[in-house]
Amino acid sequence: MHQYWFFIGNFPLRAYGTLFALAFVLGLGVTLYFARAEGRQDYMEIMMDLGPLLLLSGILGARIWQVFFFDWAYYSKNPGEIIAIWHGGLSIQGGVVGALLVGGLYVWYKKIPFWEIADLAAPGLMLAQAIGRDANLMNGDAFGGPTGGDFGILYPVGTIARDTFGNQPLWPAEVWEGQVDVIIFALLVILKLRKWPSGTIFLLYMVFYNLSRFFLESLRGDSPRFLFHWTAAQWSSIVAVGIALVLLLWRIWRERKHEVPM
Numbered sequence: 001m002h003q004y005w006f007f008i009g010n011f012p013l014r015a016y017g018t019l020f021a022l023a024f025v026l027g028l029g030v031t032l033y034f035a036r037a038e039g040r041q042d043y044m045e046i047m048m049d050l051g052p053l054l055l056l057s058g059i060l061g062a063r064i065w066q067v068f069f070f071d072w073a074y075y076s077k078n079p080g081e082i083i084a085i086w087h088g089g090l091s092i093q094g095g096v097v098g099a100l101l102v103g104g105l106y107v108w109y110k111k112i113p114f115w116e117i118a119d120l121a122a123p124g125l126m127l128a129q130a131i132g133r134d135a136n137l138m139n140g141d142a143f144g145g146p147t148g149g150d151f152g153i154l155y156p157v158g159t160i161a162r163d164t165f166g167n168q169p170l171w172p173a174e175v176w177e178g179q180v181d182v183i184i185f186a187l188l189v190i191l192k193l194r195k196w197p198s199g200t201i202f203l204l205y206m207v208f209y210n211l212s213r214f215f216l217e218s219l220r221g222d223s224p225r226f227l228f229h230w231t232a233a234q235w236s237s238i239v240a241v242g243i244a245l246v247l248l249l250w251r252i253w254r255e256r257k258h259e260v261p262m
């Protein structure tokens, strides 16, 4: 793992930033592909316009979530780090919330079906999250706790993980989460092969991702713990799963209610 690809003079080209950009480009590309495959040229144009707004609102939401909800104890003592997103510290859960708020306002203003756009974007979002975990690995953040044995990841000097735990093998929490994200991405693609009530794909993304995040979060070593020894991400995940399941049942019930009898 390398935090920097190379330097241009004194300017570093960071692995975190380049992989983050790649995640956005490929995630948007997958979304545009599905829009074209479904014959929705209008949705392709909408996503091209909406993409930059989702990126900016996602970054802002991810940083706010990380700073104020996940690790305020640290950032309150190190206020200069609040804007240092190149050091890591972007919560995908906050990013999704930020993008949902801005995306929801956009489609409401444009009178576009929200759930259809959400279903269209879900697989690309999942792929972007998987690549984002590669960025975390290269940067040495979102790391696991000590394994207590002679197996695990040894992070290099200069990473937050090394500064936190020293020369101890750590659980590959971000690696395993990235691998699970790829599996969820494949499941969402398979699910798109048949017709579902609108909103189903996106809500299943919410359930699958947050359930896996809840369990994998127990391996993390970079997050403070609260009630039940859960991290803030675990609390966010369990709430997100509950909300998504309720909305999923509502969407299925609504679809059946509006079915026309034979």
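According to UniProt numbering, the sequence shown is numbered sequentially starting from 1.
By construction, the Cβ of each residue, glycine as well, lies at the ideal position given by its N, Cα and C atoms.
Residue from the options whose Cα sits closest to the Cα of residue i
| i | options | result |
| --- | --- | --- |
| residue 236 | 117, 22 and 212 | 212 |
| residue 222 | 183, 152 and 231 | 231 |
| residue 69 | 45, 95 and 84 | 95 |
| residue 176 | 132, 149, 250 and 165 | 132 |
| residue 145 | 78, 76 and 171 | 171 |
| residue 204 | 247, 227, 62 and 81 | 247 |
| residue 179 | 189, 209, 192 and 243 | 209 |
| residue 252 | 206, 238, 240 and 199 | 199 |
| residue 148 | 157, 76 and 166 | 166 |
| residue 139 | 155, 250 and 249 | 155 |
| residue 243 | 202, 33 and 57 | 202 |
| residue 115 | 160, 43, 29 and 80 | 43 |
| residue 56 | 81, 78 and 21 | 21 |
| residue 100 | 164, 40, 54 and 124 | 54 |
| residue 27 | 40, 181, 108 and 225 | 181 |
| residue 93 | 224, 66, 29 and 39 | 66 |
| residue 72 | 245, 229 and 225 | 225 |
| residue 190 | 122, 160 and 109 | 122 |
DSSP state of residue i mapped onto helix, strand, coil
| i | result |
| --- | --- |
| residue 170 | strand |
| residue 83 | coil |
| residue 197 | coil |
| residue 282 | Nothing can be reported for residue 282, as the shown portion of the chain is limited to 1 through 262. |
| residue 164 | helix |
| residue 9 | coil |
| residue 242 | helix |
| residue 190 | helix |
| residue 257 | helix |
| residue 110 | helix |
| residue 158 | coil |
| residue 262 | With a pLDDT of 47 at residue 262, under the threshold of 50, the modelled position of that residue is not reliable, and the figure given next carries that caveat. DSSP places residue 262 in coil when its eight states are reduced to three. |
Beta bridge counterpart(s) of residue i as assigned by DSSP
| i | result |
| --- | --- |
| residue 4 | 14 |
| residue 231 | 225 |
| residue 146 | 170 |
| residue 153 | 170 |
| residue 220 | 144 |
Residue i versus residue j: straight-line alpha-carbon distance, rounded
| i | j | result |
| --- | --- | --- |
| residue 14 | residue 257 | 52 Å |
| residue 195 | residue 119 | 11 Å |
| residue 48 | residue 126 | 18 Å |
| residue 153 | residue 218 | 16 Å |
| residue 60 | residue 18 | 18 Å |
| residue 6 | residue 12 | 6 Å |
| residue 52 | residue 105 | 14 Å |
| residue 262 | residue 45 | Below a pLDDT of 50, predicted positions are generally treated as unreliable, and residue 262, at 47, falls in that range; the measurement from the model is reported next regardless. Each residue's Cα considered, the two are about 37 Å apart. |
| residue 63 | residue 83 | 8 Å |
| residue 143 | residue 50 | 32 Å |
| residue 2 | residue 158 | 10 Å |
| residue 36 | residue 24 | 18 Å |
| residue 185 | residue 134 | 15 Å |
| residue 254 | residue 111 | 20 Å |
| residue 169 | residue 124 | 33 Å |
| residue 239 | residue 78 | 29 Å |
| residue 206 | residue 4 | 32 Å |
| residue 234 | residue 173 | 14 Å |
| residue 250 | residue 8 | 54 Å |
| residue 90 | residue 193 | 32 Å |
| residue 113 | residue 10 | 48 Å |
Next item on the list: For the stretch 13 to 97, list the alpha helix (DSSP H) runs that are entirely contained and at least 4 residues long, ordered along the chain.
Entry: Listed in chain order, they are 15 to 37, 41 to 64 and 72 to 75.
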